[in-house]
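Residue numbers (my numbering): -13 to 242. All C-beta atoms, glycine included, are put in the ideal place defined by N, C-alpha and C.
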Amino acid sequence: MRREVVSLLGMLKRHPVLSSVLLLGGAVALFVWSRPVAASPVVPPANYEACAASSDGIGKVWMGREIAQVMGHPGIGWLERTDREKEEAPSKAIALLDLAPDAVLADIGAGSGYYSFRIARKLPQGEVVAVDIQPEMLDFLKAESAKQGVKNVRPHLGAIDDVRLPSASIDAALMVDAYHEFDHPVEMLASLRSALKPKGRIYLLEYRAEDDNVPIKPHHKMTEAQARKEFAAAGFRFVTNKPDLPWQHLLIFEKP
Ligand SMILES: C[S@@+](CC[C@H](N)C(=O)[O-])C[C@H]1O[C@@H](n2cnc3c(N)ncnc32)[C@H](O)[C@@H]1O
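Next up, the structure:
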């Protein structure tokens, strides 16, 4: 064995180029191996139930709530509608987010990036990771970044059950009008919990189901009680519900 090692060292000495290539290969392998892996925690199978599907639901129930249908990319026009500010006051919601200028925020279910682009302006040294499962949404986000010359909105393809972000890689997460349509809410929250840094916050905006005057389909709304039940089950601490928005709850949760 010693003889083999000595002859290998001799060969490397005679072939400096080969030694450099091997050294470089080793360094690359070490770098790839030591990088934080994507957040895919092992989650025990959730006890989802089945029901007859409602007109805006998918017939799958979590903690008594039927999950809503996903809004397809043809709905981009609705997300970008000009009267959204008047109806929902997104600028007020954004002003309520407590973010450092270098924060990394994941906008989960970013859609067209209505919120991502507006928040990115508040993060001159940080970035918004705009996560969606529809490639068409990511194409729209890329085109919009180019059009607006924005450099700190990063489109990111997630999976229906995994945000696919490295562990402890984000300071905060935002979900606007999106969580209620996650097909696998338990797995999504587990992967999000892993992706957040300790004390990282989730800002959850959902249309208020307690309020009949909010003109949104029933399964695309949530009560505060329901959201708190689901996020507590996923291991998040409830911080507060900001009461200032016309149609939505702004619920804040924290990773302990
Ligand atoms: C109603 S749109 C809201 C878009 C955006 N947040 C807004 O308010 O303008 C919901 C988005 O969530 C996305 N979505 C649904 N399930 C998802 C999941 N598991 N992970 C990431 N995005 C998801 C949909 O593709 C859709 O673009």
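Residue from the options whose Cα sits closest to the Cα of residue i
i, options, result
"P152", "H166, V115 and S131", "V115"
"V266", "I202, K203, S177 and L191", "As shown, the chain starts at -13 and ends at 242. That puts residue 266 outside it, with no answer to give."
"G61", "A106, D163, K133 and F239", "D163"
"K203", "Y34, C37, K46 and A54", "A54"
"D88", "K108, E167, M161 and A159", "K108"
"A106", "P121, Y193, A86 and A75", "A86"
"D147", "V136, P141 and P171", "P171"
"D118", "A132, R150 and E130", "R150"
"E240", "K183, P76 and M49", "K183"
"K137", "P121, I156, R104 and L65", "R104"
"V56", "P232, S131, L190 and Q120", "Q120"
"G99", "R67, F217 and P30", "R67"
"P201", "A132, P229 and R70", "R70"
"F97", "M49, D230, D197 and L143", "The residue asked about is misnamed: residue 97 is Gly in this sequence, not Phe. The option with the nearest alpha carbon to G97 is L143."
Any non-hydrogen atom of ligand 1 within 6 Å of residue i CB
i, result
"D125", "no"
"L65", "yes"
"Y165", "no"
"F168", "yes"
"G43", "no"
"I146", "yes"
"V136", "no"
"G186", "no"
"Y193", "no"
"Y100", "yes"
"V172", "no"
Collapsed DSSP secondary structure at residue i in the structure displayed
i, result
"A36", "strand"
"E52", "strand"
"L10", "Per-residue confidence for L10 stands at a pLDDT of 44, beneath the threshold of 50, marking its modelled position as unreliable; the derived number appears in the next sentence. L10: helix per DSSP, three-state reduction."
"D84", "coil"
"H170", "coil"
"L236", "strand"
"A164", "coil"
"A195", "coil"
"F224", "strand"
"K46", "strand"
"A213", "helix"
"P141", "strand"
"P152", "strand"
"K183", "strand"
"M57", "coil"
Contact set for residue i: own chain, Cβ-Cβ below 6 Å, skip 5 residues either direction
i, result
"R214", "F224"
"K207", "Y193 and A195"
"I188", "A159 and F239"
"F222", "F239"
"P141", "A116, L124, L127 and K128"
Residue i CB to nearest heavy atom of ligand 3 below 6 Å
i, result
"D118", "For ligand 3, the structure offers nothing, since it holds only ligand 1."
Bridge partners - residue i, DSSP secondary structure assignment
i, result
"I94", "V117"
"G112", "Answer is none; G112 lacks a bridge partner."
"Y100", "For Y100, which the question treats as bridged, DSSP gives no partner whatsoever."
"I283", "There is no way to answer for residue 283, as the model of the chain reaches only from -13 to 242."
"M208", "R194"
Cβ shell of residue i (< 7 Å), same chain only, five flanking positions each side left out
i, result
"H205", "S40, D42, G43, E52, A54 and H166"
Residues near residue i in its chain [Cβ-Cβ closer than 8 Å; skip 5 each side]
i, result
"G58", "Q120"
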